[in-house]
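Residue 1 is where the sequence shown starts when you use UniProt numbering, and the numbers rise one by one after that.
We put the beta carbon where it would ideally sit given N, CA and C, even for glycine.
Reviewing the structure listed below.
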Amino acid sequence: MVYDLQGSFCPVMEIGRHEIFGANLDSAIPATNLSWFSSHNLLMSSGSHSGPSGVLENIKLCDIRSGNVVWELKKKVNCFADVTVSDDLSAMFKISVNSSEVFFADLRNISGENSWVCLGNARKVTNAKKEGVGFKIESHGNQVFCVKEEIWSCGQRF
1 MVYDLQGSFC PVMEIGRHEI FGANLDSAIP ATNLSWFSSH NLLMSSGSHS GPSGVLENIK
61 LCDIRSGNVV WELKKKVNCF ADVTVSDDLS AMFKISVNSS EVFFADLRNI SGENSWVCLG
121 NARKVTNAKK EGVGFKIESH GNQVFCVKEE IWSCGQRF
């Protein structure tokens, strides 16, 4: 839902709604992450969930002006633990739930599943140990931060 924050605080548009059709659980993976990609006027919604058929991943880029999905990826292999979008870098970053490796996709030249490039140990990607569970990834400016179940504190060095 898109809300009017300037006036009435009422819903003004529904971007998308998906319902589960029969036994097809892949048809409605709920979004657990929303990120705004302002330079392209796109909203990234993503969700990664475990179910009876294994782990499922869904990442969508939606044009909120038209309400259309301009790019979508659904996967059952090497799903993400977390995903973020960087406006300054024109890129998406995700952490593999299996290997905890970071992947990068250039949004200026994105196509499908082959758009993702491993930034770490590509041989570790086939690992199925769920090492990425609990990892978070965030971007700010031209930097990307990754953490696993830790609380950070910034101190001053002398």
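Check the DSSP bridge columns for residue i and list the partner residues they point to.
{"i": "residue 107", "result": "BP columns for residue 107 are empty, so no partner."}
{"i": "residue 48", "result": "57"}
{"i": "residue 95", "result": "82 and 102"}
{"i": "residue 63", "result": "42 and 68"}
{"i": "residue 143", "result": "140"}
{"i": "residue 10", "result": "Answer is none; residue 10 lacks a bridge partner."}
{"i": "residue 148", "result": "135"}
Please classify residue i as buried or exposed, where buried requires at least 16 neighbouring CB atoms within 10 angstroms.
{"i": "residue 111", "result": "exposed"}
{"i": "residue 103", "result": "buried"}
{"i": "residue 122", "result": "exposed"}
{"i": "residue 94", "result": "buried"}
{"i": "residue 60", "result": "buried"}
Would you kindly work out how many angstroms separate the C-alpha atoms of residue i and residue j, rounded to a whole number?
{"i": "residue 147", "j": "residue 4", "result": "34 Å"}
{"i": "residue 50", "j": "residue 38", "result": "31 Å"}
{"i": "residue 11", "j": "residue 115", "result": "34 Å"}
{"i": "residue 141", "j": "residue 85", "result": "11 Å"}
{"i": "residue 7", "j": "residue 130", "result": "46 Å"}
{"i": "residue 56", "j": "residue 9", "result": "34 Å"}
{"i": "residue 47", "j": "residue 58", "result": "5 Å"}
{"i": "residue 44", "j": "residue 35", "result": "5 Å"}
Just reading off the beta strand (DSSP E) that residue i is part of, what are its end residues?
{"i": "residue 35", "result": "33-37"}
{"i": "residue 71", "result": "68-75"}
{"i": "residue 137", "result": "135-140"}
For residue i versus residue j, is the C-beta distance shorter than 8 Å?
{"i": "residue 81", "j": "residue 70", "result": "no"}
{"i": "residue 101", "j": "residue 76", "result": "no"}
{"i": "residue 73", "j": "residue 91", "result": "no"}
{"i": "residue 134", "j": "residue 149", "result": "yes"}
{"i": "residue 33", "j": "residue 2", "result": "no"}
May I ask whether a heavy atom of the ligand SAH can be found less than 7 Å away from the beta carbon of residue i?
{"i": "residue 81", "result": "With respect to small molecules bound, the structure shown includes none, and the ligand SAH cannot be examined in it."}
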